[in-house]
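Using UniProt numbering, read the sequence shown as starting at 1 and increasing by one per residue. For glycine and all other residues, C-beta sits at the position ideal for the given N, C-alpha and C. From a predicted model like this one, the values you see are computed outputs, not experimental measurements. Reviewing the structure listed below.
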Amino acid sequence: MTPAQGTSTTAHKKAQSTAHRTSRKTTRAKADVSAKTAATAVPQKAATSTAKQTKPLGHVTFVGVGPGDPALLTLAGRDVLANADAVVVEGPEHDAFLTYCRPGVEVVDGSGAEGSRALRVAARARLVVKTAKSAANVVRLLTGDPFTFSSGAEEAAACKKAGIGFNVVPGVSEVSAVPTYAGIPLTMKGDREVTVVDLAENKLDLTRLQPKQTLVLLNASEVLKETVGSLVEAGFDAATPVAATVCGTTTSQTSVVGTLETIVTDLRAAKVTGEAVIVVGSVVEQREALSWFETKPLFGWRILVPRTKDQAGPLMDRLRRYGAMPEEVPTISVEPPRNPQQMDKAIRGLVEGRYEWVAFTSVNAVKAVREKFDEYGLDARAFSGLKIAAVGDKTAEAIGAWGIRPDLVPSGEQSAAGLVEDWPPFDEVLDPINRVFLPRADIATETLVAGLTDLGWEVDDVTAYRTVRAAPPPAPTREAIKSGKFDAVVFTSSSTVRNLVGIAGKPHASTVIGVIGPATLKTAEEHGLRVDAMAETPSVEELADALARFGADRRDTMVEAGEPVTRPSERRSGSRRKS
1 MTPAQGTSTT AHKKAQSTAH RTSRKTTRAK ADVSAKTAAT AVPQKAATST
51 AKQTKPLGHV TFVGVGPGDP ALLTLAGRDV LANADAVVVE GPEHDAFLTY
101 CRPGVEVVDG SGAEGSRALR VAARARLVVK TAKSAANVVR LLTGDPFTFS
151 SGAEEAAACK KAGIGFNVVP GVSEVSAVPT YAGIPLTMKG DREVTVVDLA
201 ENKLDLTRLQ PKQTLVLLNA SEVLKETVGS LVEAGFDAAT PVAATVCGTT
251 TSQTSVVGTL ETIVTDLRAA KVTGEAVIVV GSVVEQREAL SWFETKPLFG
301 WRILVPRTKD QAGPLMDRLR RYGAMPEEVP TISVEPPRNP QQMDKAIRGL
351 VEGRYEWVAF TSVNAVKAVR EKFDEYGLDA RAFSGLKIAA VGDKTAEAIG
401 AWGIRPDLVP SGEQSAAGLV EDWPPFDEVL DPINRVFLPR ADIATETLVA
451 GLTDLGWEVD DVTAYRTVRA APPPAPTREA IKSGKFDAVV FTSSSTVRNL
501 VGIAGKPHAS TVIGVIGPAT LKTAEEHGLR VDAMAETPSV EELADALARF
551 GADRRDTMVE AGEPVTRPSE RRSGSRRKS
């Protein structure tokens with residue numbers, strides 16, 4: 001072998017060795033990449049599979065809403081409803097609570113369950129579980145308290161079995177609320193033991209009950225005769241006081257008081273039907289002194305509220321506070337003027353300094369001007385340098401919401417006439433401008449215009465809005481108005497008098513009439529109506545207060561005369577209309 005050949009052979013072996021090492025590195029690298037890829041791919045598939053398997057279920061909150069009065073809903077219940085995605089209800093009696101929900105909430109009707117209690121509970125439990133599988137936050141409304149003589153416990157157990165989490169918001173139970181609204185304390189000094197018995201479906205042995213205790217009987221109306229017989233056999237004195245209350249905590253509440261011996265006959269004589277909460281024991285004797293709900297001045301009165309629909313709320317709330325059952329009937333609607341050019345011109349004049357005063361006679365007038373301001377991109381600064389007058393506290397409050405304090409509010413009668421009495425006469429020295437802007441309704445009276453003109457002012461009398469007569473109410477409502485089935489009617493303006501008479505006829509002679517002020521009083525009398533109550537100041541709250549004072553005086557008169565307290569619709573004591 002020559003040196004050249006030896007060198008060549010050595011170089012060749014080195015090259016082969018290098019190539020082999022490189023090949024092994026490449027193979028290991030490829031293997032590492034394959035291993036990493038496989039390791040990455042497997043967890044991804046597993047994660048996807050796990051995500052599908054652990055799809056989150058919804059959550060259910062069982063909320064007790066009390067036995068009937070919507071005001072008994074707790075703050076916690078209200079807050080839960082505000083965040084609900086779906087609400088399961090049992091019927092129309094729960095509709096009032098949906099106002100606390102956000103728009104678009106899903107409402108699930110659970111009132112369709114039939115059969116025995118067990119079947120009904122099972123059906124509703126399945127419905128709650130089904131709803132929770134499609135909605136994240138479910139609220140189940142239950143009358144009374146969810147865990148007190150209610151189906152909440154069974155439904156919650158069904159959720160637990162299905163893997164659905166739940167919370168419970170306690171509610172006021174009918175066991176305590178109804179007797180309280182009837183003026184019956186369940187415990188007193190010397191009466192510390194209370195037993196609650198639900199007679200819904202089970203045949204209970206009442207002989208084990210001790211006579212010296214207070215009993216609260218639920219679902220006993222259909223078996224009341226047998227129940228009182230069993231209690232007497234168990235040792236209860238037949239003269240033991242008994243009170244039965246139906247429609248408890250609502251303005252339809254009716255209580256009948258008797259004894260174990262007489263209560264069945266007493267209920268039949270009073271023509272009281274429906275499921276009752278029945279209290280047996282000496283505590284019933286406290287009702288005469290402690291009755292607070294059924295003795296409210298307007299308790300059970302069916303009161304008609306002819307009003308623009310968007311303004312009836314405060315008046316109806318106030319009437320309910322006095323125990324009334326108000327029914328709103330739209331008689332007028334507020335609409336823009338047919339020709340908006342007059343208002344457009346007046347607003348431009350206001351901005352250009354044409355006026356010294358702006359006089360607002362109603363909340364609707366304030367609203368109309370404010371809408372025009374929004375249309376033109378103006379705000380309260382446009383009133384700079386102007387004097388503002390307002391008729392009535394509500395009108396002043398509407399202006400105050402604009403951040404403006406009125407310069408003039410009537411010190412006496414809260415009306416156009418009262419405003420004229422306090423309005424200063426035009427003074428050429430003190431008043432640089434003699435013009436007043438008066439935005440008002442299309443059917444307003446001329447009292448203010450004439451009065452300001454006599455004081456030396458020039459008035460731009462501008463139609464800011466129109467009051468349009470609404471369509472007639474349904475036939476049953478019209479019949480109730482004419483036949484005296486309403487106990488009272490409250491009129492909040494002259495236009496409500498004219499429009500109600502126009503679309504439904506005059507209220508019956510027995511119906512109590514309440515008005516908001518002198519102008520409305522005059523209009524009512526012009527239509528042949530006798531007015532019984534008038535607000536001292538022109539506000540809907542004061543109108544309700546005035547009617548309540550009339551109702552209280554009427555009740556006191558009946559009690560003093562030893563007569564049964566009845567509602568106006570239950571008496572026909574002669575004509576109430578003017579001839």
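Member of the options whose CA lies at the smallest distance from the CA of residue i
i	options	result
Arg102	Val80, Arg117, His94, Val108	Val80
Gly502	Ala524, Gly456, Glu155	Ala524
Arg318	Leu547, Thr566, Pro568, Phe293	Leu547
Ala71	Gly385, Arg321, Leu298	Arg321
Asp454	Asn339, Arg435, Thr463, Val139	Arg435
Val107	Val283, Val121, Leu119, Val128	Val128
Thr467	Tyr355, Thr557, Glu335	Glu335
Thr148	Leu218, Asp95, Arg124	Leu218
Ala135	Ile481, Asp85, Arg354, Pro340	Asp85
Gly392	Pro474, Ile516, Pro340	Ile516
Ser291	Asp556, Ala396, Pro179, Ala382	Pro179
Ser252	Asn83, Thr187, Leu386, Ala324	Ala324
residue 586	Glu93, Asp109, Leu75	No answer is possible for residue 586: the residues shown for the chain start at 1 and end at 579.
Val329	Glu233, Gly412, Asp344, Leu315	Leu315
Ala552	Glu327, Pro297, Leu378, Phe293	Pro297
Glu479	Tyr465, Leu500, Ala470	Leu500
Thr254	Ile481, Ala417, Phe299	Phe299
Ala125	Asn137, Ser151, Tyr100, Glu114	Ser151
Ala441	Ser411, Trp457, Pro337, Arg78	Pro337
Beta-carbon proximity of residue i to residue j, cut-off 8 Å
i	j	result
Leu215	Thr245	no
Thr520	Pro306	no
Glu155	Val105	no
Gly68	Gly190	no
Val462	Pro439	yes
Arg268	Ala200	no
Gly66	Val175	no
Ile404	Ala380	yes
Asp460	Arg567	no
Pro507	Val531	no
Ile184	Val272	no
Gly64	Gly144	yes
Ser569	Gly484	yes
Thr250	Glu233	no
Val60	Ala132	yes
Ala470	Thr331	yes
Tyr355	Leu386	yes
Rounded straight-line distance, which links the Cα of residue j to that of residue i
i	j	result
Gly281	Gly229	15 Å
Arg370	Ser333	18 Å
Leu430	Thr361	25 Å
Asp407	Val540	23 Å
Gly58	Gly165	7 Å
Val559	Thr295	11 Å
Gly451	Phe437	14 Å
Ala270	Val256	8 Å
Ser221	Ala177	18 Å
Pro472	Asp427	50 Å
Thr265	Arg554	30 Å
Glu261	Arg140	41 Å
Gly562	Asp556	10 Å
His94	Phe236	38 Å
Val409	Ala396	8 Å
Leu350	Gly505	42 Å
Val42	Leu75	Because Val42 carries a pLDDT of 39, less than 50, the predicted location of this residue cannot be relied on, and the following value inherits that uncertainty. In a straight line, the C-alpha of Val42 is about 51 Å away from that of Leu75.
Asp545	Ala535	8 Å
Ala182	Val242	12 Å
For residue i, the residue or residues it bridges with in DSSP
i	result
Phe62	Arg140, Val168
Glu201	According to DSSP, Glu201 bridges with nothing at all.
Pro92	Answer is none; Pro92 lacks a bridge partner.
Ser495	Partner(s): none; Ser495 has no beta bridge.
Ile513	Val489
Phe147	In the DSSP output, where bridge partners are listed per residue, Phe147 has none listed.
residue 580	Limits of the chain in this structure are 1 at one end and 579 at the other, which puts residue 580 out of reach.
Ala359	Ala389
Exercise. Whole alpha helix (DSSP H) runs in the stretch 438-487 with 4 or more residues, listed along the chain?
Worked result: 447-454, 475-483
Give the list of continuous alpha helix (DSSP H) stretches no shorter than 4 residues that lie fully inside the stretch 365-419. 393-400
- Contained beta strand (DSSP E) runs [length at least 3] in the stretch 175-244, N- to C-terminal order: 194-198, 214-218
Original post:
Which ranges does the alpha helix (DSSP H) cover as unbroken runs of at least 4 residues, wholly within the stretch 247-317, from first to last along the chain?
Top reply: 263-270, 287-290
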